Amino acid sequence: MSVRLDGVTLTHANGYQALQNIDLRINKGEQVAIIGPSGAGKTSLLRLLGTGLMPSSGQLQILNQEASVLRRRALRRLRARIGLIHQNPPLPSRQRVVTAVLAGRLGQWSLPRALVSLCYPLDVPGASAALEPLDLANKLFARCDQLSGGQLQRVGIARVLYQQADLLLADEPVSAMDPVLAEHTLGLLRQVAAQRELTLVASLHAVDLALRHFPRLVGLRHGRVLFDLPADKVSPSHLTQLYANDSLAEHLDAPAPAEPAAQTKEKPYRCS
Ligand SMILES: Nc1ncnc2c1ncn2[C@@H]1O[C@H](COP(=O)(O)OP(=O)(O)OP(=O)(O)O)[C@@H](O)[C@H]1O
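With the UniProt record's numbering as the guide, the letters of the sequence shown map in order to residues 1 to 272.
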């Protein structure tokens, strides 16, 4: 099993409880979309799955390992098997695309090899092959600060595809892309995950993309799982419940502000 959460609660450092009593199982090779309103806890959940955060209570098993008891070195080995795709990839602005992609395997290389690769790209064909299906092969030697937001997202994806992880975690992976590119990129991610039998968990705001591309959807609301269903069982009423926004509705239902008190009207200007 790739992911197993039992009664997981996550409380952030400021005391805010972002996830409450989450039970979740994701098998090897599954493709799951996490959907839910802003602030529901999607990113917090993905950070937990990536072991960047640990549960405040409950059990977190990632790739069959109990994450919270691992020592530093074992945790590093586990993280090298997890590919993180960020909404805004944290790539150094002056770094070349080729170096950014090759950095996907830094966690798997020896320290000398990793250091050399940061200065002198050791596997240019490998980086190029990862960029090619994302239509970015021509940007191999561009600097990251010369790319658009959508291109940067695709470099982040190429880096994770190069990493050859066992578990792919994608936080809003196509949010900066136009609809055609978003469709293509999600399709590619799913295809690669299926070919390599990787587990793919992605958070998405675009519900239509989630429904079209993912066989299983988990709906998060207020830090809890509202539903966990095959895509074809997710109904409009599930979505209405998931995205209901009571506080915004209050604003919309509130009576329109009163007209300002009648003011002394200026006399119409007349040409005399
Ligand atoms: N580091 C943090 N410290 C304190 N609270 C946090 C932290 N990170 C997130 N939160 C809070 O936890 C809740 C869930 O945030 P999270 O980013 O997981 O939501 P999300 O579903 O990914 O939202 P969005 O769709 O807007 O990105 C929010 O109320 C947020 O304010």
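Yeah, the Cβ is synthetic: ideal placement off N, Cα and C, and Gly gets one too.
Owing to the predicted nature of the structure, the values given are computational and were not obtained by experimental measurement.
For P230, the closest C-alpha among the options M1, I34, L19 and D145 is that of I34. Three or more pairs of CB atoms, one per stretch, sit closer than 8 Å, so the stretch 191-205 contacts the stretch 20-32. Taking A40 as the centre and dropping the five residues before and after it, the same chain places the C-beta of L220 and R221 closer than 6 Å to its C-beta, in chain order. The continuous beta strand (DSSP E) containing R221 extends over residues R216 to R221.
Remark: the shortest separation between the CB of G104 and any heavy atom of ligand 1 does not fall under 6 Å. Within the same chain, Q87, S203, L204 and H205 come within 7 Å of E172 by CB-CB distance, once the 5 residues on both sides are set aside. Fully enclosed alpha helix (DSSP H) runs of no fewer than 4 residues occupy 124-131 and 149-163 of the stretch 117-171, in order along the chain.
Secondary structure in the stretch 166-213: the alpha helix (DSSP H) runs of 4 residues or longer, each lying completely within the stretch, are 179-196 and 207-213 in chain order.
Taking 7 Å as the cut-off, the beta carbon of L5 is found no closer than this to the beta carbon of L75. Secondary structure at Q241: helix, using DSSP grouped into helix, strand and coil. Distance from the CA of L136 to the CA of V174, rounded to the nearest whole angstrom, comes to 15 Å. Between the alpha carbons of L84 and L49 lies a distance of about 10 Å. Proximity annotation: ligand 1 has residues H12, N14, Y16, A18, S38, G39, A40, G41, K42, T43 and S44 in chain order, each selected because its CB is closer than 5 Å to a heavy atom of the ligand. When the five nearest sequence neighbours on each side are left out, the beta carbons in the same chain lying within less than 8 Å of the beta carbon of F227 are those of L217, V218, G219, V234, H238 and L242, in order along the chain. A Cβ-Cβ distance of about 6 Å is found for the pair R79 and G107, placing them in contact under the 8 Å criterion.
Rounded to whole angstroms, N245 and S117 show a C-alpha spacing of 48 Å. Distance between S110 and V101, taken at the CA atoms: about 17 Å. When the five nearest sequence neighbours on each side are left out, the beta carbons in the same chain lying within less than 8 Å of the beta carbon of E66 are those of Q59 and L60, in order along the chain. With fewer than 16 other CB atoms across the displayed protein chains lying within 10 angstroms of its CB, H12 is exposed. Secondary structure at S44: helix, using DSSP grouped into helix, strand and coil. In this structure, A103 is the residue among M177, D178 and A103 with its C-alpha nearest to the C-alpha of Q164. Taking the C-beta atoms as reference points, I22 is found nearer than 7 Å to V8. L140 and L131 have their alpha carbons spaced roughly 8 Å apart. By the neighbour-count definition (other C-beta atoms within 10 Å, threshold 16), G36 is a buried residue. Under the DSSP assignment, L226 falls outside any alpha helix (DSSP H), being part of the beta strand (DSSP E) whose first and last residues are R224 to P230.
Contact annotation: A127 and V98 have beta-carbon atoms nearer than 7 Å.
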